[in-house]
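These notes concern the structure reproduced below.
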Amino acid sequence: LPFYNSEEERKHGREQKLRREKFLAELTQAVAQNFLLEGKHEDAIPAALHSLKFSISVHSSNAVELVPAYLILAEAGLGLGHLIQAEEYLSQAQWIILKNSHCSNAIQSDFHRNLGLLHAAKGNFEDSLYHLANDIYFSSCAFGTNHMAASGGYFHMANVFFRQNRMDIADSLYTEVMNKTGLFKSHLMS
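Quick note, in the numbering used here, the sequence shown goes up one by one and the last residue is 214.
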């Protein structure tokens, strides 16, 4: 650490350090998210851990800003089949969400989607459907009922119904996904 001669220099140094750590938290979170989108779950973990570390340093260990990093870590764990690890990260995220009443609908949507996927992977289909329904609710609150963000919840619910061999419901949900993505594409073109 650099040596500062005055309180003003120390304050300026702390502010610069805080800005750097905030930037690094956001950058490493974006990198981790990109790795997940590419299906590189193992590569997402170090970036998400760095994002978590910098976010803790900037905010605190119970701040809602940590939840996205925990959700990325949980999603990476799910992608690798490490269900216990994913469940631990989701528990950390849930604890923070419960302690912070100002958690956004988008974050709650992501949380319930991951929890629904965890329960589906464990074969707990009723719990999975409950959380995926909450995902749809919160994404609709955050983005609107016709937004493409809700289509992920519908898609995962359809997959659960498909695994239960309830094809009529699965087909109707797959159709809903197609309608939402079609609306989104037509909205982009206009």
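By construction, the Cβ of each residue, glycine as well, lies at the ideal position given by its N, Cα and C atoms.
Taking a contact to mean a Cβ-Cβ separation below 7 Å, would you say G75 touches A49 in this structure? A small fix is needed here, since residue 75 is Ser in this sequence, not Gly. With a cutoff of 7 Å on beta-carbon distance, S75 and A49 are scored as near each other.
Could you spell out the range, first to last residue, of the alpha helix (DSSP H) harbouring Q109? L107 to K123
Excluding five sequence neighbours on each side, which residues of the same chain lie with their C-beta closer than 7 Å to the C-beta of F208? Any reading at F208 must be qualified, since the residue scores a pLDDT of 44, below 50, and its modelled position is unreliable; no value is offered.
To which residues of the same chain is F179 closer than 8 Å at the C-beta, ignoring the five residues directly before and after it? L197, Y198 and V201
Going by CA-CA distance only, name the one from L156, L90 and K123 that's closest to K46. When each option's Cα is compared against that of K46, the closest is L90.
Just how far apart, CA to CA, sit I96 and M191? 31 Å
Best match in L142, A98, S128 and F185 for proximity to Q57 [C-alpha to C-alpha]: A98
Can you give me the C-alpha to C-alpha distance between H136 and A194, rounded to a whole angstrom? 20 Å
Rounded separation between E32 and E39 - CA only: 11 Å
Which residue comes first and which comes last in the alpha helix (DSSP H) that contains M172? Premise fails: M172 is in no alpha helix (DSSP H) and is neither H nor E.
Helix, strand or coil for G63? Go by DSSP, reduced to three states. coil
How big is the Cα-Cα spacing for F186 and K35? 58 Å
Local Cβ density within 10 Å of L122, reported as buried at 16 or more and exposed below that: exposed
Is A166 near N129, with beta carbons less than 7 Å apart? It is a contact, given that the beta carbons lie within the stated cut-off.
Nearest candidate by alpha-carbon position, reference H106, set D67, T169 and L142: Of the candidates D67, T169 and L142, the one whose C-alpha sits nearest the C-alpha of H106 is L142.
Buried/exposed call for L114, threshold 16 Cβ in 10 Å: buried
Please work out which residues of its chain come closer than 8 Å, Cβ to Cβ, to M213, disregarding the five sequence neighbours upstream and downstream, and give them in chain order. For M213, the predicted model reports a pLDDT of 45, less than 50, meaning its position is unreliable; a value from the coordinates is still stated below. For M213, same chain residues with a beta-carbon under 8 Å away, outside a window of 5 residues either side, do not exist.
Please name the residue in N170, G103, D159 and E111 whose C-alpha comes closest to that of G177. D159
In angstroms, rounded to a whole number, what distance separates the CA positions of L139 and S30? 50 Å
S164 beta carbon less than 7 Å from that of T205: no
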